[in-house]
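J.: Residue numbers (the working numbering), protein chains in the order written: chain R, 8 to 126; chain S, 420 to 704.
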Amino acid sequence: MTSRSRLDPPWTYVFDGPTSLRGHQMNKLFMSLRDAAAREDFLRDEATYCRRFGLSEQQAQAVLARDWQAMLDLGGSIFYIYKLAMMDGLSMQYLGGVFTGMSEAEFKAVMLAGGRTDV
Amino acid sequence: MSEVIWGLATSHVPSIGAAMDRGRTADPAWAPLFEGYRPARAWLERHTPDVAILIYNDHANGVDLDIVPTFAIGTAERYRVADEGFGRRPVPDVVGAPEFSFHLLQQLMDEGFDLTVFQELDVDHGFTVPLSVWTPDPGDAWPCPVIPILVNVIRYPQPTAARCYALGKALGRAIASHQGARTVGILGTGGMSHQLAGARAGFVNPDFDHMFLDAIANDPEKLASLSREDYIREAGSEGIELIMWLIMRGALNERVRTVHTAYHVPASNTAAGLALFDNRTEKTN
Numbered sequence: 008m009t010s011r012s013r014l015d016p017p018w019t020y021v022f023d024g025p026t027s028l029r030g031h032q033m034n035k036l037f038m039s040l041r042d043a044a045a046r047e048d049f050l051r052d053e054a055t056y057c058r059r060f061g062l063s064e065q066q067a068q069a070v071l072a073r074d075w076q077a078m079l080d081l082g083g084s085i086f087y088i089y090k091l092a093m094m095d096g097l098s099m100q101y102l103g104g105v106f107t108g109m110s111e112a113e114f115k116a117v118m119l120a121g122g123r124t125d126v
Numbered sequence: 420m421s422e423v424i425w426g427l428a429t430s431h432v433p434s435i436g437a438a439m440d441r442g443r444t445a446d447p448a449w450a451p452l453f454e455g456y457r458p459a460r461a462w463l464e465r466h467t468p469d470v471a472i473l474i475y476n477d478h479a480n481g482v483d484l485d486i487v488p489t490f491a492i493g494t495a496e497r498y499r500v501a502d503e504g505f506g507r508r509p510v511p512d513v514v515g516a517p518e519f520s521f522h523l524l525q526q527l528m529d530e531g532f533d534l535t536v537f538q539e540l541d542v543d544h545g546f547t548v549p550l551s552v553w554t555p556d557p558g559d560a561w562p563c564p565v566i567p568i569l570v571n572v573i574r575y576p577q578p579t580a581a582r583c584y585a586l587g588k589a590l591g592r593a594i595a596s597h598q599g600a601r602t603v604g605i606l607g608t609g610g611m612s613h614q615l616a617g618a619r620a621g622f623v624n625p626d627f628d629h630m631f632l633d634a635i636a637n638d639p640e641k642l643a644s645l646s647r648e649d650y651i652r653e654a655g656s657e658g659i660e661l662i663m664w665l666i667m668r669g670a671l672n673e674r675v676r677t678v679h680t681a682y683h684v685p686a687s688n689t690a691a692g693l694a695l696f697d698n699r700t701e702k703t704n
């Protein structure tokens, strides 16, 4: 797509228009989880909750399986995906580990050692 | 006429606020960061402005993806601290300065910056963490009323760095033409280099960050000339938040005195930076 032609940093998700369009329903679901009553509702029956928000089959599968990488690939914004992670008691360092093939402890250690300067 | 007396640039990582709220600032992992804040906090304590303007971005708390304003201003009397899904931070709600907001809105509109207006807004860590960096123990209230200016840095295409810098310059003129308040502090927040998602998660770029810390003081035009793609490549997909520092810088004089800078890796997944500028033309202390 021409609108993306100048933007090609390696291994980088850019939350652009097409991505936002693709992920909109799923991101709306994540946003709803700020509310305690909604979180209870979600946890009671996650599949039904996903249907109510109009997620695609793939998106619903990713949410139910907590497949964080797939959520990114299916249009999730990291700030919205993080709402689900927080509900599960998971940290941004945990997610960083998932995305980079490390455990949370390994990822934290890499950050404490100065971060990933070679990527 | 009102005068901008200082500009403060600081990262707004949520865990900085969490470390303060949970009393962990002396922990080995956090102590160097907070030690770096100390001289800036001491100076700021002696230079409380009548009003502050805080430039930040929301992170899916006060703004949803159904409407994403590129630039916006708060015009409320009060701003509630947002519940981001784990309860509100135990810090005071924010008192606004609506009359000053209305003035800025009109002046900026007349200069061609068509800002969206928030008459209601819950402010998230992007707003409250910089206030805590400035004032670690606010008690019942922050040191002065604060006006939020919001920037979209999450949804591509973000505004260009050049446009942010130009907005800052217009903001500086709008402040100067205001007759009410006497002194103003401006905070530009976010950054420094970081990337949260994907295989490049954990990316930091100290070379770029140090260049940025130097240039924000001495050569902001150079930073304004970088494209958003440059920022995403060099500072990471979330490091583009640094464009908000340019709005603060644009509102200051061409020449400023650097009071203090600090840099530390990491604040959780992020390179954290701070820069404090004295903008007064007649120095008293």
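Ideal Cβ positions, reconstructed from N, Cα and C, are used throughout, including at glycine.
Would a C-beta distance cut-off of 8 angstroms place Gly-571(S) and Asn-476(S) closer than the cut-off?
T.: One-based indexing of the second sequence puts residue 571(S) at position 152. One-based indexing of the second sequence puts residue 476(S) at position 57. Looking at the sequence itself, residue 571(S) is Asn, so the reference to Gly does not match. Yes, they are a contact pair.
J.: In terms of residue numbering, what span does the beta strand (DSSP E) encompassing Thr-689(S) cover?
T.: Start at 1 with the first residue of the second sequence, and residue 689(S) comes out as number 270. Under the DSSP assignment, Thr-689(S) falls in the beta strand (DSSP E) whose first and last residues are 689-697.
J.: Answer with yes or no whether the minimum CB distance from Met-38(R) to chain S is below 8 angstroms.
T.: To locate residue 38(R), count along the first sequence from 1; it is residue 31. Taking Cβ atoms only, chain S reaches closer than 8 angstroms to Met-38(R), which makes this a yes.
J.: Checking 8 angstroms against the spacing of the C-beta atoms, do Pro-564(S) and Val-623(S) come in under that value?
T.: Locating residue 564(S) in the second sequence gives position 145, counting from the first residue. Locating residue 623(S) in the second sequence gives position 204, counting from the first residue. Contact flag unset, no.
J.: Find the nearest neighbour of Pro-578(S) within the set Glu-648(S), Leu-693(S) and Lys-588(S), judged by alpha-carbon distance.
T.: Locating residue 578(S) in the second sequence gives position 159, where the first residue counts as 1. For Pro-578(S), the nearest C-alpha among the options comes from Glu-648(S).
J.: May I have the straight-line CA-CA distance separating Ser-421(S) from Thr-700(S), to the nearest angstrom?
T.: Indexing the second sequence from 1 puts residue 421(S) at position 2. Indexing the second sequence from 1 puts residue 700(S) at position 281. Their backbone Cα atoms lie some 13 angstroms apart in a straight line.
J.: Tell me the residue span of the beta strand (DSSP E) that contains Leu-606(S).
T.: For the purposes of this step, residue 606(S) is taken as the residue at position 187 of the second sequence. Residues 602-608.
J.: Met-667(S) and Gly-607(S): beta carbons closer than 8 angstroms?
T.: Position 248 of the second sequence, counting from 1, holds the residue named residue 667(S). Position 188 of the second sequence, counting from 1, holds the residue named residue 607(S). In contact: Met-667(S) and Gly-607(S) (Cβ atoms closer than 8 angstroms).
J.: Does any CB atom of chain R fall closer than 8 angstroms to the CB of Pro-567(S)?
T.: Sequence index remark: in the second sequence, residue 567(S) carries index 148 (1-based). No, because no Cβ of chain R sits closer than 8 angstroms to the Cβ of Pro-567(S).
J.: Between the beta-carbon of Asp-697(S) and the beta-carbon of Val-603(S), is there less than 8 angstroms?
T.: Looking up residue 697(S) in the second sequence gives position 278. Looking up residue 603(S) in the second sequence gives position 184. Cβ atoms of Asp-697(S) and Val-603(S): not closer than 8 angstroms.
J.: Judging by CA-CA distance, which residue of Val-126(R), Asp-23(R), Arg-123(R) and Gly-122(R) is the nearest neighbour of Leu-484(S)?
T.: Residue mapping note: residue 484(S) aligns to position 65 of the second sequence, counting from 1. Answer by Cα proximity: Asp-23(R).
J.: Could you check if Ile-424(S) is buried or exposed, using at least 16 other CB atoms within 10 Å of its CB as the buried criterion?
T.: The residue labelled residue 424(S) in the question sits at position 5 within the second sequence. Buried is the call here.
J.: Which whole-angstrom value is the C-beta distance of Gln-32(R) and Leu-81(R), which I expect to be below 8 angstroms?
T.: In the first sequence, the residue the question calls residue 32(R) occupies position 25. In the first sequence, the residue the question calls residue 81(R) occupies position 74. Gln-32(R) to Leu-81(R), Cβ: 10 angstroms. No contact.
J.: Please identify the residue among Leu-671(S), Ala-437(S), Asp-638(S) and Thr-689(S) whose C-alpha is closest to the C-alpha of Ile-605(S).
T.: Numbered from its first residue, the second sequence carries residue 605(S) at position 186. Of Leu-671(S), Ala-437(S), Asp-638(S) and Thr-689(S), the residue nearest in Cα terms is Leu-671(S).
J.: Between Gln-66(R) and chain S, is the shortest Cβ-Cβ distance under 8 angstroms, so that the two count as touching?
T.: Position 59 of the first sequence, counting from 1, holds the residue named residue 66(R). No, no contact with chain S.
J.: Answer with yes or no whether the minimum CB distance from Asp-543(S) to chain R is below 8 angstroms.
T.: As a first step, residue 543(S) is located in the second sequence; it is residue number 124 there, counting from the start. Asp-543(S) does not count as touching chain R.
J.: For a contact meaning CB atoms closer than 8 angstroms, what does Leu-484(S) contact in chain R?
T.: Position 65 of the second sequence, counted from the first residue, corresponds to residue 484(S). In chain order: Ser-27, His-31, Asn-34, Lys-35, Met-38, Ser-84 and Tyr-87.
J.: Which term fits Leu-50(R), buried or exposed, when burial requires 16 or more other beta carbons within 10 angstroms of its beta carbon?
T.: Position 43 of the first sequence, counted from the first residue, corresponds to residue 50(R). Exposed, by the Cβ-count rule.
J.: Using 8 angstroms as the limit for Cβ to Cβ distance, is Tyr-20(R) near chain S?
T.: In the first sequence, the residue the question calls residue 20(R) occupies position 13. By this cut-off, Tyr-20(R) is an interface position.
J.: Are Val-105(R) and Trp-75(R) touching if we call contact CB-CB under 8 angstroms?
T.: Locating residue 105(R) in the first sequence gives position 98, counting from the first residue. Locating residue 75(R) in the first sequence gives position 68, counting from the first residue. Yes, these two residues count as a Cβ contact at 8 angstroms.
J.: Which term fits Leu-119(R), buried or exposed, when burial requires 16 or more other beta carbons within 10 angstroms of its beta carbon?
T.: In the first sequence, residue 119(R) corresponds to position 112, counting from 1. By the 10 Å Cβ count, Leu-119(R) comes out exposed.
J.: Might you give, ordered along the chain, the residues of its own chain that have their beta carbon closer than 6 angstroms to the beta carbon of Ala-491(S), omitting 5 neighbours on each side?
T.: Locating residue 491(S) in the second sequence gives position 72, counting from the first residue. So the list reads Leu-534, Thr-535, Phe-537 and Leu-569, once near-sequence residues are dropped.
J.: If you drop the 5 nearest sequence neighbours on each side, which residues of the same chain put their C-beta closer than 6 angstroms to that of Arg-676(S)?
T.: Taking the first residue of the second sequence as 1, we reach residue 676(S) at position 257. Result list for Arg-676(S): Asp-697, in chain order.
J.: Please work out which residues of its chain come closer than 7 angstroms, Cβ to Cβ, to Leu-615(S), disregarding the five sequence neighbours upstream and downstream, and give them in chain order.
T.: Locating residue 615(S) in the second sequence gives position 196, counting from the first residue. Answer for Leu-615(S): Glu-657 and Asn-688, listed in chain order.
J.: List the endpoints of the continuous alpha helix (DSSP H) containing His-522(S).
T.: To locate residue 522(S), count along the second sequence from 1; it is residue 103. That run of the alpha helix (DSSP H) goes 517-529.
J.: Mapping the DSSP letters down to three states, classify Tyr-89(R) as helix, strand or coil.
T.: Translated into the one-based positions of the first sequence, residue 89(R) becomes position 82. Of the three classes helix, strand and coil, the one that applies to Tyr-89(R) here is helix, per DSSP.
J.: Who pairs with Arg-123(R) in a beta bridge, going by DSSP?
T.: Counting from one through the first sequence, the residue named residue 123(R) turns up at place 116. Looking at the DSSP output, Arg-123(R) shares a beta bridge with Phe-622(S).
J.: Among the residues of its own chain, which have a CB less than 7 angstroms from the CB of Asp-512(S), if the five just before and after it don't count?
T.: Sequence index remark: in the second sequence, residue 512(S) carries index 93 (1-based). The residues are Arg-497, Tyr-498, Arg-499 and Val-500.
J.: On a Cα-Cα basis, can you pick out the residue from Ala-438(S), Asp-541(S), Pro-555(S) and Thr-444(S) that is closest to Gly-463(S)?
T.: On the second sequence, residue 463(S) is found 44 positions in, with the first residue counted as 1. Per the sequence shown, the amino acid found at residue 463(S) is Leu instead of Gly. The shortest Cα separation from Leu-463(S) among Ala-438(S), Asp-541(S), Pro-555(S) and Thr-444(S) belongs to Pro-555(S).
J.: So, is Gly-506(S) buried or exposed, given that buried needs 16 or more other C-beta atoms within 10 angstroms?
T.: Against the second sequence, residue 506(S) aligns to sequence position 87. Flag for Gly-506(S) reads exposed.
J.: At what residues does the beta strand (DSSP E) containing Phe-537(S) begin and finish?
T.: Position 118 of the second sequence, counted from the first residue, corresponds to residue 537(S). Per DSSP, Phe-537(S) belongs to the beta strand (DSSP E) from 535-537.
J.: Assuming the contact rule is C-beta atoms closer than 8 angstroms, Asp-638(S) and Ala-690(S) should be a hit. Round their C-beta distance to whole Å, please.
T.: In the second sequence, counting from the first residue as 1, residue 638(S) sits at position 219. In the second sequence, counting from the first residue as 1, residue 690(S) sits at position 271. No, Asp-638(S) and Ala-690(S) are not in contact; Cβ-Cβ is about 20 angstroms, not under 8 angstroms.
J.: Compute the Euclidean distance between the alpha carbons of Met-630(S) and Thr-429(S), then round it to the nearest angstrom.
T.: To locate residue 630(S), count along the second sequence from 1; it is residue 211. To locate residue 429(S), count along the second sequence from 1; it is residue 10. Going by the C-alpha atoms only, they are around 16 angstroms apart.
J.: CB-CB under 7 angstroms to Glu-653(S), same chain, minus the five flanking residues each way: which ones, in chain order?
T.: Start at 1 with the first residue of the second sequence, and residue 653(S) comes out as number 234. For Glu-653(S), where only same-chain residues beyond five positions count, the Cβ hits under 7 angstroms are Asn-624 and Phe-627.
J.: Taking 8 angstroms as the CB-CB limit, is Leu-615(S) close to chain R?
T.: As a position in the second sequence, residue 615(S) is number 196, starting the count at 1. Judged by the 8 angstroms Cβ criterion, Leu-615(S) is in contact with chain R.
J.: Going straight from the alpha carbon of Gly-103(R) to that of Asp-48(R), what length do you get?
T.: Within the first sequence, numbered from 1, the residue matching residue 103(R) stands at position 96. Within the first sequence, numbered from 1, the residue matching residue 48(R) stands at position 41. Cα to Cα, Gly-103(R) sits roughly 28 angstroms from Asp-48(R).
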